[in-house]
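A.B. asks: Here it is, the structure, as structure tokens.
Chains as they are written, first to last, in the numbering used here: chain A, 4 to 583; chain B, 8 to 138.
Here you go:
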């Protein structure tokens with residue numbers, strides 16, 4: 004296989020994947036629109052294009068399958084078959100299968116596939132005819148495709164006559180201009196974009212160093228130039244970060260399918276409304292939010308929206324509505340999953356938590372905190388755990404995943420009216436807001452997202468309890484205390500430390516540091532090879548004064564400290580009033 | 008055969024197919040190849056091209072403007088009417104070829120094809136055109 008052929012094949016697979024994404028909505032739209040001809044036309048063109056191109060680049064199997072797919076579509080298009088839910092399900096299956104083929108071929112261009120079963124389903128749905136190659140719909144069509152490459156088409160005599168009447172072509176052009184590109188966008192691999200961003204990061208670091216040197220030099224002219232260069236370099240950095248941003252559209256549209264399948268399985272009727280599909284988010288963040296989002300959407304269908312009969316009884320429309328929306332707010336991306344279902348009953352949750360021993364008998368919680376119990380590991384309130392989702396099974400994972408992205412999740416719910424899950428995420432993980440702090444003799448950056456609040460701590464306020472370690476009671480809540488300098492192997496309790504209140508996945512704790520210097524945006528750089536074994540640090544950065552600093556992973560460093568025999572309270576015990 | 012310097016416009020909404028056709032054109036000696044991503048784009052490029060397009064190789068089934076509509080538009084334009092047009096079709100579109108012939112297509116080629124097939128077809132078109 005020569006380089007061009009391989010490149011062509013890879014190019015085709017990328018294009019096919021894009022086309023399949025673009026068309027997925029059409030498949031789902033078919034059902035709702037009772038077989039809208041323009042949608043059928045679009046899907047038909049997809050199948051048609053995939054067939055032609057896959058054969059042209061030598062993917063014979065995909066050519067053969069899309070050929071069957073096209074034939075089936077032709078029958079729908081010609082109204083020989085009704086656009087029934089069964090037909091749509093079959094189309095979706097075929098669409099999935101083509102996606103599988105594309106993905107399989109992407110990792111191995113020689114991959115082969117088994118699809119006799121699906122083809123048989125096409126045939127039986129088309130009225131059980133046996134001969135696949137000559138469908139009744141288009142008797143004049145298709146010789147077997149093996150012949151296509153070489154088959155000279157039977158040129159009708161008419162063409163000769165028609166052509167004879169046409170005058171000779173215009174004289175060939177002598178001058179040549181460069182051909183303009185056909186596309187206004189290009190595909191670039193993420194690796195190249197990341198490399199670019201990486202180097203721009205280096206550039207802005209050098210820029211910071213240069214600024215300091217120019218200030219030391221005393222040359223006004225140099226300072227001005229460096230300052231201007233700083234503006235340009237900031238601009239470049241913003242643009243380069245923008246390259247990683249992609250609209251949430253594709254991720255959102257996948258949810259249509261999930262809602263359809265889930266609702267179908269549960270005999271529910273649900274309409275999914277998407278808002279803000281064009282809102283952009285860092286590719287990595289978006290990829291990692293996909294699974295939590297699927298879980299929440301499934302949950303909304305399974306546990307949120309009621310059965311049609313129950314909805315009618317409650318005076319609601321039979322069809323439930325789930326709204327998935329994305330928007331920017333305060334430099335963060337907000338995702339909301341809102342259903343108009345039955346809401347979450349805080350009393351039921353509290354009762355369950357007591358039954359499970361998560362809460363002490365007799366505990367009452369503010370409604371907000373009670374609702375948050377669903378994020379507790381292993382918490383499930385549904386009597387029967389369905390195969391679709393079990394609330395509690397995975398909700399803790401959802402929260403952990405979101406928090407790993409420096410995100411937050413919040414619930415608003417009203418019994419009988421519905422529930423809204425609100426996820427707030429940073430726009431990118433490559434630049435973070437950080438607190439520059441001092442621990443021992445080191446300056447470190449603590450991601451602002453990990454710090455819930457900062458407090459002045461008097462040594463006298465720290466209680467030592469045997470078997471538990473040091474505790475600081477914050478508004479009645481006892482929190483375990485850790486000395487950052489000590490964790491890093493430096494000495495000395497501090498005279499007037501500042502406490503960072505950190506809410507981690509395993510609880511809230513206070514991290515004592517010497518001082519907070521300032522707050523700044525930092526470009527996260529991966530640790531070099533020699534430092535990659537260093538636990539407790541998520542990367543490094545260069546501070547405004549040009550000096551390097553490590554970026555702390557607060558939870559990791561605490562976890563590491565807890566692993567050694569240390570006086571550590573089990574942090575989850577103190578979490579948000581859950582348990583004593 | 009067409010002069011190698013003839014400006015060729017290749018129209019297909021599938022990038023892969025465009026690349027295949029363009030590569031085939033290159034392989035048989037054409038050096039000035041322009042690509043268009045659908046019928047409307049092709050029409051824009053044909054009507055604006057300077058130097059003019061000397062050969063159009065267009066896909067049949069495209070969004071915005073089909074190959075057939077493109078052909079009719081070219082034939083209906085006083086200045087461009089004589090541009091040779093070849094349509095690239097799938098076997099399932101064969102039945103529709105007649106309309107293209109009536110509309111004045113110079114020839115057609117069925118996907119997938121080899122550079123040799125394309126060459127032969129173009130050769131035939133060129134001959135018929137009296138070249």
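Backbone N, C-alpha and C fix where the C-beta goes; we use that ideal spot for every residue, glycine too. It should be emphasised that the depicted structure is a prediction, and the values quoted were computed from it without experimental measurement.
Compare the C-beta of residue 63(B) with all C-beta atoms of chain E and state if any pair is closer than 8 Å.
C.D. replies: In summary, chain E is missing from the structure at hand, where the protein chains are A and B.
A.B. asks: Using the C-alpha atoms, what's the distance from residue 43(B) back to residue 132(B)?
C.D. replies: Position 125 of the second chain, counting from 1, holds the residue named residue 132(B). Position 36 of the second chain, counting from 1, holds the residue named residue 43(B). Rounded to whole angstroms, residue 132(B) and residue 43(B) show a C-alpha spacing of 22 Å.
A.B. asks: Going by other Cβ atoms of all chains shown within 10 Å of its Cβ, with 16 needed for buried, is residue 114(B) buried or exposed?
C.D. replies: Reading the second chain from its first residue, position 107 is the one you call residue 114(B). Buried, because 16 or more other Cβ atoms sit within 10 Å of the Cβ of residue 114(B).
A.B. asks: In whole angstroms, what separates the C-alpha of residue 93(A) from that of residue 346(A)?
C.D. replies: Along the first chain, one-based indexing puts residue 93(A) at 90. Along the first chain, one-based indexing puts residue 346(A) at 343. C-alpha separation (whole angstroms): 34 Å.
A.B. asks: Considering Cα atoms alone, identify which of 555(A), 516(A) and 296(A) is closest to residue 527(A).
C.D. replies: Here residue 527(A) corresponds to residue number 524 of the first chain, with the count starting at 1. The shortest C-alpha separation from residue 527(A) is found at 555(A).
A.B. asks: Which residues, in chain order, does the stretch 9-24 of chain A contribute to contact with chain B at a C-beta distance below 7 Å?
C.D. replies: 11, 14, 15 and 18
A.B. asks: Quick check: the Cα distance between residue 279(A) and residue 237(A), rounded to an integer number of angstroms?
C.D. replies: Translated into the one-based positions of the first chain, residue 279(A) becomes position 276. Translated into the one-based positions of the first chain, residue 237(A) becomes position 234. Looking at the two C-alpha atoms, the distance is approximately 28 Å.
A.B. asks: Please compile the residues from chain B whose C-beta is within a distance smaller than 8 Å of the C-beta of residue 52(A).
C.D. replies: Counting from 1 along the first chain, the entry for residue 52(A) is found at position 49. Chain B residues near residue 52(A): 20, 21, 24 and 68.
A.B. asks: How is residue 68(B) classed by DSSP in three states: helix, strand or coil?
C.D. replies: Within the second chain, the letter at position 61 stands for residue 68(B). In the structure shown, residue 68(B) adopts coil according to DSSP, grouped into three states.
A.B. asks: Which same chain residues end up closer than 8 Å to residue 432(A) when comparing Cβ atoms and leaving out the 5 residues on each side of it in sequence?
C.D. replies: Position 429 of the first chain, counting from 1, holds the residue named residue 432(A). Result list for residue 432(A): 285, 287, 288, 408, 409 and 527, in chain order.
A.B. asks: Output yes if chain A places a C-beta closer than 8 Å to the C-beta of residue 30(B); else output no.
C.D. replies: Numbered from its first residue, the second chain carries residue 30(B) at position 23. Yes, contact with chain A.
A.B. asks: Are the stretch 95-107 of chain A and the stretch 7-20 of chain A touching, with three or more C-beta to C-beta distances below 8 Å?
C.D. replies: yes
A.B. asks: By a C-beta neighbour count over all protein chains shown, 10 Å radius and 16 as the cutoff for buried, is residue 587(A) buried or exposed?
C.D. replies: The displayed coordinates of chain A run from 4 to 583. Any statement about residue 587(A) would go beyond what the structure contains.
A.B. asks: Does residue 563(A) come within less than 8 Å of chain B when only Cβ atoms are used?
C.D. replies: Start at 1 with the first residue of the first chain, and residue 563(A) comes out as number 560. So no, residue 563(A) is outside the interface.
A.B. asks: So what's residue 459(A) in DSSP terms, helix, strand or just coil?
C.D. replies: Start at 1 with the first residue of the first chain, and residue 459(A) comes out as number 456. Looking at residue 459(A) - three-state DSSP - the assignment turns out to be strand.
A.B. asks: Which chain A residues are close to residue 118(B), counting only those with a beta carbon under 8 Å from its beta carbon?
C.D. replies: Counting from one through the second chain, the residue named residue 118(B) turns up at place 111. Result: 55, 58, 59 and 151.
A.B. asks: Measure from the alpha carbon of residue 282(A) to the alpha carbon of each residue in 360(A), 275(A), 23(A) and 337(A), then state which is nearest.
C.D. replies: Start at 1 with the first residue of the first chain, and residue 282(A) comes out as number 279. Ranked by Cα distance from residue 282(A), the options 360(A), 275(A), 23(A) and 337(A) are led by 337(A).
A.B. asks: With three or more beta-carbon pairs closer than 8 Å as the criterion, would you say the stretch 50-57 of chain A touches the stretch 8-23 of chain B?
C.D. replies: Counting Cβ pairs under 8 Å, three or more are found: they touch.
A.B. asks: Our contact map puts residue 26(A) next to residue 45(A) with C-beta atoms below 8 Å; I'd like the distance itself, whole angstroms only.
C.D. replies: Residue numbering aside, residue 26(A) sits at position 23 when the first chain is read from its first letter. Residue numbering aside, residue 45(A) sits at position 42 when the first chain is read from its first letter. Right, their Cβ atoms sit about 6 Å apart.
A.B. asks: Taking residue 7(A) as the query, report the chain B residues whose CB atoms sit under 8 Å from its CB, ordered along the chain.
C.D. replies: Position 4 of the first chain, counting from 1, holds the residue named residue 7(A). Those within 8 Å of residue 7(A) in chain B are 30.
A.B. asks: Specify whether the stretch 227-242 of chain A and the stretch 252-259 of chain A touch according to this definition: at least 3 beta carbon pairs, one from each stretch, less than 8 Å apart.
C.D. replies: no
A.B. asks: Report buried or exposed for residue 459(A), applying the criterion of at least 16 other Cβ atoms within 10 angstroms of its Cβ.
C.D. replies: In the first chain, residue 459(A) corresponds to position 456, counting from 1. Result: exposed.
A.B. asks: Look up residue 442(A) in the DSSP assignment and give the residues it is bridged to.
C.D. replies: Translated into the one-based positions of the first chain, residue 442(A) becomes position 439. In DSSP, residue 442(A) forms a bridge with 445(A).
A.B. asks: How about the stretch 421-432 of chain A and the stretch 323-339 of chain A: do they share at least three Cβ pairs that are nearer than 8 Å?
C.D. replies: Yes, the stretch 421-432 of chain A touches the stretch 323-339 of chain A.
A.B. asks: By the 10 Å Cβ neighbour count, where 16 or more other Cβ atoms means buried, how is residue 455(A) classified, buried or exposed?
C.D. replies: On the first chain, residue 455(A) is found 452 positions in, with the first residue counted as 1. When all chains shown are included, residue 455(A) counts as exposed.
A.B. asks: Closer than 7 Å by C-beta to residue 262(A): which residues in its own chain qualify, once you throw out the five before and the five after it? Chain order, please.
C.D. replies: For the purposes of this step, residue 262(A) is taken as the residue at position 259 of the first chain. Answer for residue 262(A): 273, 275, 300, 304 and 325, listed in chain order.
A.B. asks: Is residue 542(A) near the ligand SAM - that is, is its Cβ less than 7 Å away from at least one heavy atom of it?
C.D. replies: Absence of the ligand SAM is noted for the structure shown, with no ligands found whatsoever.
A.B. asks: Could you tell me whether any Cβ in chain B is nearer than 8 Å to the Cβ of residue 170(A)?
C.D. replies: Position 167 of the first chain, counted from the start, is the residue given in the question as residue 170(A). For residue 170(A), the predicted model reports a pLDDT of 42, less than 50, meaning its position is unreliable; a value from the coordinates is still stated below. So yes, residue 170(A) belongs to the interface.
A.B. asks: According to DSSP, is residue 413(A) helix, strand or coil?
C.D. replies: As a position in the first chain, residue 413(A) is number 410, starting the count at 1. Residue 413(A): strand per DSSP, three-state reduction.
A.B. asks: Quick one: what does DSSP say residue 363(A) is sitting in, helix, strand or coil?
C.D. replies: In the first chain, residue 363(A) corresponds to position 360, counting from 1. The answer is coil: DSSP assigns residue 363(A) none of H, G, I, E or B.
A.B. asks: What are the complete beta strand (DSSP E) segments, minimum 3 residues, inside the stretch 13-43 of chain B?
C.D. replies: 14-18 and 39-43
A.B. asks: Considering only residues of the same chain and omitting the five flanking positions on each side of residue 506(A), which have a CB-CB separation below 6 Å?
C.D. replies: What you label residue 506(A) is simply residue 503 of the first chain in a count that begins at 1. 455.
A.B. asks: Are the CB atoms of residue 451(A) and residue 486(A) nearer to each other than 8 Å?
C.D. replies: By 1-based counting over the first chain, the position of residue 451(A) is 448. By 1-based counting over the first chain, the position of residue 486(A) is 483. No, Cβ-Cβ distance for residue 451(A) and residue 486(A) is not below 8 Å.
A.B. asks: Measuring straight from C-alpha to C-alpha, what distance separates residue 542(A) and residue 525(A)?
C.D. replies: Against the first chain, residue 542(A) aligns to sequence position 539. Against the first chain, residue 525(A) aligns to sequence position 522. For residue 542(A) and residue 525(A), the distance between alpha carbons rounds to 11 Å.
A.B. asks: Does DSSP put residue 169(A) in a helix, in a strand, or in coil?
C.D. replies: Here residue 169(A) refers to the residue found at position 166 of the first chain. Only weak support is given to the placement of residue 169(A): the predicted model assigns it a pLDDT of 45, under 50, and the value that follows is read from those uncertain coordinates. The answer is coil: DSSP assigns residue 169(A) none of H, G, I, E or B.
A.B. asks: Taking all protein chains shown into account, do 16 or more other C-beta atoms lie within 10 angstroms of the C-beta of residue 271(A), making it buried, or fewer, making it exposed?
C.D. replies: Position 268 of the first chain holds residue 271(A). Counting Cβ neighbours within 10 Å, residue 271(A) comes out buried, since at least 16 surround it.
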